[in-house]
Every structure is written in structure tokens, then in C-alpha cells.
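Colleague: Have a look at this one before I ask anything.
Chains as they are written, first to last, in the working numbering: chain A, 1 to 369; chain B, 370 to 621; chain C, 622 to 912.
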């Protein structure tokens with residue numbers, strides 16, 4: 001069992017709390033850098049997809065897990081990022097003073113996709129300032145449905161249901177084909193996003209976001225500008241998810257509004273909850289879960305009686321069951337379970353199950369004046 | 370020197386005048402207490418000063434500035450801090466993190482520099498930490514530093530609430546029933562701290578209290594409220610011997 | 622056409638009613654309300670078409686069954702998560718909706734096909750106002766929907782205001798702990814409310830069946846009830862009804878007068894406008910936390 005002996009404030013501010021972290025994450029990085037050379041194309045693609053979903057998960061986690069704002073329509077930002085990237089790097093954008101639309105290179109279109117998504121985040125964030133809890137959830141839900149409809153109807157830009165082709169990524173003259181280079185690109189973006197988020201969370205803005213989650217009134221009394229913090233959270237969250245969407249556009253190669261429906265929003269939410277609300281590890285764990293589930297089910301189906309396995313509703317059923325199961329029995333998510341397991345081994349044989357048990361909580365109405 | 374002045378302060382809730390025609394001023398360095406029966410409007414006045422509620426009449430001046438219409442999040446920056454009657458701490462965070470949020474009104478780092486965690490941000494974090502540690506020493510919270518609020522007993526939470534308000538380096542601190550729920554020993558500690566806040570930290574104190582012992586011990590002047598209106602206004606001795614006050618509140 | 626709008630609006634109203642009931646009592650928004658409606662319709666189908674019961678008997682049985690289902694759902698799924706952040710509770714109901722929808726698709730005899738039930742109400746138009754006053758053509762189906770909605774609302778309103786159980790429900794919705802001290806079995810009360818809410822959803826499903834036919838994606842209609850509940854004000858029962866009817870009318874008109882695609886999103890655009898302009902809806906109360 002490790003005892004942390006703190007001798008200066010620096011240790012609390014640092015990202016790596018003790019040397020153990022440095023070793024384990026370095027090893028993880030090494031594995032991630034080497035593994036694509038050992039696997040074949042399909043698995044590399046799967047890992048890339050994992051990174052993309054994890055990036056989107058981090059985006060939602062910042063908003064829902066850390067700022068406490070419920071967003072039931074995050075796929076909208078995912079889609080906005082994806083379509084922006086596709087349009088800017090494909091047909092380009094026609095500016096009023098130009099004869100022909102300019103096609104943006106990836107280095108420009110990628111951040112712009114994030115910026116557009118962030119602007120959309122602000123667009124929903126500002127009216128959302130007045131909304132609490134359930135109303136916010138419903139508003140974001142409505143927003144997502146409207147955006148989905150826009151994707152399918154604004155045919156001049158998005159090609160509606162006929163789909164939009166996405167160009168490959170070009171760095172100067174070098175074309176980034178599928179496979180290895182794209183894998184490293186996504187991994188790089190994921191690491192950058194995680195680092196930026198961790199930095200944000202250990203600085204005043206991050207603390208302000210968590211303060212908004214736990215008690216808006218006292219946060220205000222401490223000088224936290226609610227409007228600014230919530231809007232910032234929305235913007236950053238939407239921007240990050242937009243970046244994930246941009247990468248997703250290139251991964252798929254072909255966009256249609258069906259990829260950005262309420263179903264995808266639900267997937268993101270399940271990711272965040274099952275992974276563990278309130279931790280960035282949770283975003284990654286959740287991403288692994290969301291991607292592994294369909295695969296796992298496919299394998300599991302072989303062991304089921306034929307009638308059960310053939311049902312089309314089996315996957316959403318298991319999905320829903322696991323979601324409900326986690327919320328009832330494991331509210332801290334996979335990351336929470338991971339912590340408990342770690343604690344078990346650290347404290348062996350002194351581990352007590354009740355360490356994480358909290359007292360009964362009663363619901364107090366938030367509504368009354 | 371007058372630090373805070375409320376003139377003709379009033380607020381209506383529907384048809385109920387929760388606060389009606391209240392005038393008082395607070396001198397720099399003193400401890401001013403508001404007492405009165407429950408529902409008299411004491412916490413409402415606090416909420417008016419913190420700008421959580423908008424007053425329907427009257428003005429408030431703090432340190433020469435009119436704060437009647439300021440935004441709630443600007444109040445901390447101006448130098449007013451408060452504690453809450455029902456403890457509004459951040460349950461899922463540690464004591465240290467709660468106290469660090471108290472420093473928020475003094476943080477000047479931009480979003481971009483924070484995301485990159487530039488050396489300036491690091492320096493600012495360490496400076497905030499030093500200030501917070503001073504308060505932790507002042508309130509003897511050392512061994513609760515990393516505990517989550519939801520694991521702490523009520524008495525400790527009250528102290529953390531006080532600490533968080535002190536971290537904002539206020540000129541005026543609003544204490545809403547600081548001794549409620551505390552036993553005799555903890556109340557004694559609280560009275561010592563209030564004295565220290567006044568003397569050593571030079572912070573002016575505005576308090577709402579029910580414990581008359583604590584009130585007579587630490588207050589310089591007292592305002593008595595009843596049904597939102599002023600009943601008496603003066604030193605603790607004057608107020609405690611006022612027949613109106615005795616009839617309405619003190620009993621006997 | 623307006624009557625058609627009112628009719629569909631009443632369906633929204635019934636589902637919205639369920640939302641509002643649960644929210645008023647437990648501050649939980651039940652995202653699975655649409656699925657409860659679907660289950661109610663399927664149960665009615667089972668009783669009426671598969672087992673061959675009389676319409677009224679079958680409908681009544683379905684409603685009673687859904688009451689039990691709602692009750693059990695609260696006990697099993699909602700009780701363990703009391704005290705968790707709002708977000709998690711919302712997700713639990715969403716998850717339950719998923720499970721209900723998929724499970725319904727897998728039930729023998731139900732599956733993913735569409736069904737119809739025969740009702741004693743004819744779907745042809747019926748003149749109810751003599752031609753001299755300008756003819757108003759309304760189908761028996763639509764009329765039944767409208768009447769049933771108002772009847773149900775009246776019953777529920779009376780229940781909450783005048784009976785002991787109803788008052789107990791109002792109490793437990795405002796302060797759980799205090800209600801416990803007053804001897805109100807809060808948990809059972811909540812389960813009862815879920816039961817009533819599920820039962821109203823069942824009524825909605827049964828009334829909807831002739832118009833849209835029964836299948837597992839009926840629940841999506843329930844999503845439209847959100848704008849209805851918000852428009853009416855989330856804490857208000859009459860508001861839910863008014864909101865539902867208004868949404869129904871506007872949606873039908875939008876489908877007729879505006880370009881395609883607007884019909885689907887009209888309700889949601891209204892929702893956003895309401896949330897921005899007047900979040901407490903038409904009849905709701907402005908709320909804030911007391912410190």
C-alpha cells in the first residue's frame with residue numbers, strides 16, 4: 001500500500017500525483033504507439049473509432065459530469081462538426097467576395113469544425129442559462145431533433161439523405177490514407193483533448209464548473225459568473241465533440257443524417273454514465289464499453305437459443321438493461337468499480353465494502369421558493 | 370467610517386412585505402448583528418445584500434459604491450462574502466477544493482492559458498494555495514484538508530463554510546446564524562474566531578444570530594427586526610433592555 | 622382539420638398528464654412515458670383482439686394492468702436511485718424506455734408488426750352541429766378522444782384536490798422528509814402516482830390505437846408530449862391538457878401550411894421558444910431555491 005507523503009503544494013497542483021502514475025501511463029502510451037504495427041487493418045480501425053468516441057465522451061463529460069448540465073442532444077454537435085469538416089474540405093465555402101468557393105485544408109477545416117460546433121454550443125447555452133435540470137434536458141433534446149431535421153432538409157449544403165462524400169485529409173500534398181496515419185492523428189487529438197481538459201479542471205475555471213454543478217447559489221456568492229461559466233462549458237464541450245465529429249467524418253468517408261440521431265445522443269449519454277460520471281477516465285472506459293458491447297453481443301449470441309438470438313430488439317434491450325443496472329447498482333460507473341477494485345488490492349485484506357457506502361439520501365424539492 | 374449603508378430597504382414577495390423600510394449602517398471594523406424572531410426577514414436582508422434577491426425599494430451602498438443593482442457574482446469581487454444558514458458547500462469536492470473556489474474572485478487567468486497550464490497559471494495556483502493554507506491554519510482545518518464534504522460532520526462543515534467565505538479576502542463578511550447547530554464548545558470557538566476576524570484580519574462582520582450570549586459577547590451594535598420592520602437599533606445592552614424587543618422576541 | 626388537431630392534441634395531453642403527475646410528485650421526468658403508452662395499447666390489443674374480449678372490458682383490463690406495471694416500475698427501478706443527481710434519474714427512465722420497447726418487440730404475439738383494434742367508435746365523420754350554424758364534422762373516434770381526455774382530467778383533478786390520498790401525494794411531492802414524519806408512506810404514495818400515470822398513458826394508447834395503429838415505435842409520439850407539458854407548465858395538470866391541445870392544433874396546421882419537415886419539428890420549435898421566453902409555461906409557477 002502506497003502512502004503519499006506530500007512536502008510541497010506543487011504536488012497537489014501537478015497532474016501526476018506520484019511516480020506510479022508516470023510509470024503506468026508511460027507504459028500505456030508505449031503500448032498504444034506500438035500496437036498498430038502488430039494488428040491488422042480491422043482492429044486499427046476499431047481502435048481509431050474508440051479514440052473518436054472517447055473524444056466525444058470527454059466533451060460530454062465536461063458538460064454533464066463536471067458542470068452538471070444535462071445534454072440529451074450531444075449528437076447534434078457531433079454532427080455539426082462532421083458536416084462542417086466535410087463541407088469545408090470538400091466543396092468548400094463560398095464567401096461573398098469570391099467567385100469560387102475556397103476549399104480548406106485539414107489544418108484549417110479541423111479547428112473550424114470545432115469552432116462551428118462551439119458556436120452552436122453557445123447558441124443553445126445562452127437560452128439554457130435560465131433552465132435547470134429537467135428543462136435543460138428537454139431543451140437540448142429539442143435542439144438535437146431540430147438540428148437533425150436541418151441536416152436532412154438543407155440539401156444544398158448537406159445533400160440530405162442522399163449522403164455527402166468526404167474527402168481524405170491532405171497535409172499539403174501528402175494524402176492521409178486510412179489506417180496507420182489516421183490512427184496516430186486520432187490518438188494525438190485524444191491525448192491533446194484529455195490534457196487540455198485536465199488542465200482546465202485543475203485551474204479556477206474548472207473549479208468554477210464543478211461549483212456550478214454542486215451549488216449555483218454559493219458559487220455566485222464566491223464570484224463565479226454563472227452565465228459565463230455555463231456558456232463556456234457548453235462551448236468547450238460542444239467544440240470538443242465537434243472535433244470528434246470532424247474526425248468521424250473522415251473515418252466514415254460518407255455522411256448521412258442517420259448517423260446523428262437521438263440514438264447517437266443516447267449512446268454518448270450511456271457512455272458517460274456507464275463509464276463513470278465525473279471523471280475523464282470514465283469517458284474512456286465508457287467509450288470502450290459502448291464500442292465493445294455490440295461486438296460482445298455478437299459473440300454472445302452464439303451461445304443463446306435461436307429464437308432469442310434472432311430478435312432484432314436484443315441489442316437495445318441489453319443496452320437499456322445495462323444502463324439501468326449501472327445507475328441502480330453502480331452509480332460511479334466502470335471507473336468507480338475500477339477504483340473499488342484498486343482499493344481492494346491496495347488495502348488487502350483490510351478492505352471493507354462499506355467504504356463507499358453513503359447514508360440514505362432523501363429527495364428535497366428544488367422547486368419551492 | 371461607514372462601510373455599508375442600507376436606506377429604506379424593502380422587498381415584496383407577492384403581497385408579503387418581507388422587508389419593509391429598513392435603515393442601518395455598518396461602521397468599518399465593527400461587528401453588527403441582526404436579531405429577531407424567525408421569519409422577520411433577517412436572511413432576506415442577507416440575500417438582498419448578496420443580490421440573490423432584487424429589492425423593490427431602497428438603496429444599498431458599500432464602500433462608497435451603490436450596489437443596489439449589481440450582479441450577484443460581482444459582490445464577492447467588491448469585498449462582500451457570506452455564509453449560508455443551510456450550508457451551501459460543494460458536496461462532492463474536498464475541503465481544499467471548496468476553499469480554493471473561494472479564491473475565484475481573485476483569479477485573473479484566461480481560459481486559453483488555463484488549458485495550456487502556462488507557468489503563470491501554475492504560479493497563480495500556488496499563490497492561491499498559500500492563501501488558502503493561511504485560512505486553514507486560522508481555523509484549524511488541517512486534517513480535514515482532503516476530506517470530501519459529504520463525509521464531514523455538521524460542525525466541521527460550518528467551519529469550512531466560514532473558511533470559504535474568508536478565502537475571498539472580504540472587507541465585509543455576512544455570517545448567517547454561525548452558531549446554529551453547534552454545541553457549547555463549538556459556539557465558544559466560533560465567538561473566538563469572530564473576535565479574531567474582527568481584530569486580526571480587520572474584517573467587518575455582519576451577523577444574524579439567535580444565541581443572545583454570543584450576540585452580547587461579540588457585537589458592537591444590534592438591529593432588531595420584527596415582521597420585516599425595524600424594532601430597535603443600538604448597542605446590545607440598549608436593545609436587550611428595550612421593552613418592545615422584550616415583548617416581541619426576548620420573552621419575559 | 623382543427624378538430625383533428627384537437628384530437629391528436631388530446632393524446633399528447635394525456636401523455637403529458639402522465640409526465641406532469643410524476644414530476645409533481647417525485648420531481649422525476651419519466652422519459653419512458655411514451656413506452657408506457659405503447660405497452661398499454663399492446664395490452665389492450667392482447668385482451669381485445671387476441672383474447673376476444675369486449676372493447677370496454679379489454680380497455681379497462683389494460684388500464685388496470687398498466688396501473689400495476691407503473692407501480693412495480695417505481696418500486697424496482699426508481700426507488701433505488703432516489704438521491705442520485707437528476708441526470709442519472711433521467712437516464713434511468715430513458716434506459717427503462719429502451720428495455721420496454723425492445724422487450725415488447727420480442728414478446729410472442731406482439732413482435733414488430735403493426736396491429737389494429739376494433740373499437741365501437743366509427744371513424745366516419747358525424748355532423749354534430751346542424752347545417753344552419755355552419756357544419757362541424759367530427760368523427761366519433763375524435764370525439765371519444767376529446768371526451769375521454771376531459772373526463773380523465775376532471776377525475777384526476779377531483780382526486781388530488783379532495784381525497785386524502787391526493788392531498789398526501791401533494792405533500793410528499795413538496796417535502797419527502799416532512800411527509801414521512803406526518804405518517805405518509807411516501808414510497809407507496811410515489812408508486813401509486815406512477816401507477817396512475819401509467820394508467821393514463823394506457824388510456825392515451827388505447828385512444829390512439831384507431832388513428833395510428835399499434836406498434837413498438839408508438840412511444841416516439843410520447844416525445845411530442847414534452848413540448849405539451851412544458852408549454853402548459855410542468856407543475857400543472859390543467860396546463861398539460863391545454864398545452865397538449867395547443868401543440869396538436871399547431872402541428873396539424875403546420876403540416877398543412879408550412880413546407881414539409883416542419884410538421885415534425887414544429888412542436889420542438891415551440892418548446893424552445895417557450896423555454897426561452899417563459900420557462901414556467903402557461904400555468905406553471907416561477908420557482909427558485911430558498912437559501
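Where a beta carbon is used, it is the ideal one built from N, C-alpha and C, also for glycine.
#1: What distance in whole Å lies between the Cβ atoms of residue 238 of chain A and residue 77 of chain A, which are believed to be in contact at a cut-off of 8 Å?
#2: Answer yes or no: does any C-beta atom of chain C fall closer than 8 Å to that of residue 222 of chain A?
#3: Taking only beta carbons into account, state which residues of the segment 399-422 of chain B come closer than 8 Å to chain A, listed in chain order.
#4: Taking a Cβ distance cut-off of 9 Å, strictly less, list which residues of the segment 99-120 of chain A are near chain B, in chain order.
#5: Using a Cβ cut-off of 8 Å, which residues of the segment 4-25 of chain A contact any Cβ in chain E, in chain order?
#6: Cβ of residue 462 of chain B less than 8 Å from any chain A Cβ?
#7: For the segment 538-608 of chain B, list the beta strand (DSSP E) runs that are entirely contained and at least 3 residues long, ordered along the chain.
#8: Along the segment 550-578 of chain B, where does the CB come closer than 7 Å to a CB of chain A? Name the residues.
#9: Using a Cβ-Cβ cutoff of less than 6 Å, which residues in the same chain neighbour residue 427 of chain B once the five nearest sequence positions on both sides are dropped?
#10: Tell me, please, which residues DSSP counts as bridged to residue 381 of chain B.
#11: Taking the straight line between their C-alpha atoms, what separation do you get for residue 838 of chain C and residue 881 of chain C?
#12: For the beta strand (DSSP E) that residue 474 of chain B lies in, which residues bound it at each end?
#13: Which full runs of the beta strand (DSSP E) of 3+ residues lie inside the segment 161-246 of chain A, going along the chain?
#14: Restricting to Cα atoms, I'd like to know which of C:695, C:666, C:696 and C:836 is closest to residue 682 of chain C.
#15: Figure out for me which residue from C:708, C:812, C:818 and C:775 has the closest Cα to the Cα of residue 859 of chain C.
#16: Candidates C:856, C:853 and C:815: which alpha carbon is nearest residue 688 of chain C's?
#17: Helix, strand or coil: how does DSSP classify residue 463 of chain B here?
#18: Would you grab the beta carbon distance between residue 399 of chain B and residue 589 of chain B for me? Rounded to a whole angstrom, and I think it's under 8 Å.
#19: Quick one: is residue 130 of chain A near chain B, going by C-beta distance under 8 Å?
#20: Could you check the C-alpha separation between residue 895 of chain C and residue 70 of chain A for me, to the nearest Å?
#21: Please tell me whether residue 245 of chain A and residue 124 of chain A are closer than 8 Å, where the distance is taken between their beta carbons.
#22: Buried or exposed for residue 509 of chain B, please, with buried defined as at least 16 other CB atoms from any protein chain shown within 10 angstroms of its CB.
#23: Measure the C-alpha to C-alpha separation of residue 265 of chain A and residue 401 of chain B and round it to an integer number of angstroms.
#24: Helix, strand or coil for residue 491 of chain B per DSSP?
#25: What are the residues that DSSP puts in a beta bridge with residue 347 of chain A?
#26: Kindly indicate if chain A contains any beta-carbon less than 8 Å away from that of residue 806 of chain C.
#27: For residue 407 of chain B, does the three-state DSSP call read helix, strand or coil?
#28: Can you grab the Cα-Cα spacing for the pair residue 892 of chain C / residue 849 of chain C, in whole Å?
#29: Mind checking residue 14 of chain A: buried by the 16 CB within 10 Å criterion, or exposed?
#30: In this structure, what does DSSP give as the bridge partners for residue 426 of chain B?
#31: Since residue 135 of chain A meets chain C, which of its residues come closer than 8 Å, beta carbon to beta carbon?
#32: Considering only DSSP beta bridges, list what residue 431 of chain B is partnered with.
#33: Can you pull the chain A neighbours of residue 892 of chain C, defined as C-beta to C-beta under 8 Å?
#34: Could you check the C-alpha separation between residue 627 of chain C and residue 824 of chain C for me, to the nearest Å?
#35: So, is the C-beta of residue 424 of chain B closer than 8 Å to a C-beta in chain A?
#36: Would you please state the rounded distance, in angstroms, between the beta carbons of residue 516 of chain B and residue 463 of chain B? I believe it to be under 8 Å.
Modeller: According to the data block:
#1: The beta carbons of residue 77 of chain A and residue 238 of chain A sit about 4 Å from each other, so the pair counts as a contact at 8 Å.
#2: Not one chain C Cβ lies under 8 Å of residue 222 of chain A.
#3: Of all residues in the segment 399-422 of chain B, only 419 and 421 place a beta-carbon less than 8 Å from a beta-carbon of chain A.
#4: Across the segment 99-120 of chain A, no CB contact with chain B closer than 9 Å is found for any residue.
#5: Absent from the structure: chain E. Protein chains present are A, B and C.
#6: Under the 8 Å criterion on CB atoms, residue 462 of chain B is classed as interfacial with respect to chain A.
#7: Correct list: 541-545, 573-577, 590-595 and 598-603.
#8: Listed in sequence order: no entries.
#9: Excluding sequence neighbours, residue 427 of chain B sits near 376, 377, 378 and 379.
#10: Answer is B:386, bridged to residue 381 of chain B.
#11: Each residue's alpha carbon lies about 22 Å from the other.
#12: No beta strand (DSSP E) holds residue 474 of chain B; DSSP gives it neither H nor E.
#13: As far as the segment 161-246 of chain A is concerned, its whole beta strand (DSSP E) runs of at least 3 residues are 169-171 and 174-176.
#14: Residue C:666 holds the alpha-carbon nearest to the alpha-carbon of residue 682 of chain C among C:695, C:666, C:696 and C:836.
#15: The shortest C-alpha separation from residue 859 of chain C is found at C:775.
#16: For residue 688 of chain C, the nearest C-alpha among the options comes from C:815.
#17: Here residue 463 of chain B carries a strand assignment [DSSP, helix/strand/coil].
#18: Between residue 589 of chain B and residue 399 of chain B the Cβ distance is about 4 Å, and since that is below 8 Å, they are a contact.
#19: Interface with chain B (8 Å Cβ-Cβ cutoff): residue 130 of chain A is excluded.
#20: The alpha-carbon separation between residue 895 of chain C and residue 70 of chain A amounts to approximately 19 Å.
#21: No. Outside cutoff.
#22: Of the other Cβ atoms in all chains shown, fewer than 16 fall within 10 Å of the Cβ of residue 509 of chain B; this residue is therefore exposed.
#23: If I take the Cα positions, the gap works out to 54 Å.
#24: The answer is helix: DSSP assigns residue 491 of chain B an H, G or I state.
#25: Beta-bridge partners assigned by DSSP to residue 347 of chain A: none are found.
#26: No, its Cβ sits nowhere closer than 8 Å to a Cβ of chain A.
#27: Assigned with DSSP and collapsed to three states, residue 407 of chain B falls in coil, not helix or strand.
#28: About 8 Å.
#29: Exposed, because fewer than 16 other Cβ atoms sit within 10 Å of the Cβ of residue 14 of chain A.
#30: For residue 426 of chain B, which the question treats as bridged, DSSP gives the partners B:379.
#31: Correct list: 851, 855, 896 and 900.
#32: Note: residue 431 of chain B sits in a beta bridge opposite B:373 and B:434.
#33: Neighbours of residue 892 of chain C on chain A, chain order: 138, 139 and 142.
#34: So the two alpha carbons sit approximately 16 Å from each other.
#35: So, not an interface residue.
#36: About 6 Å; that satisfies the 8 Å criterion.
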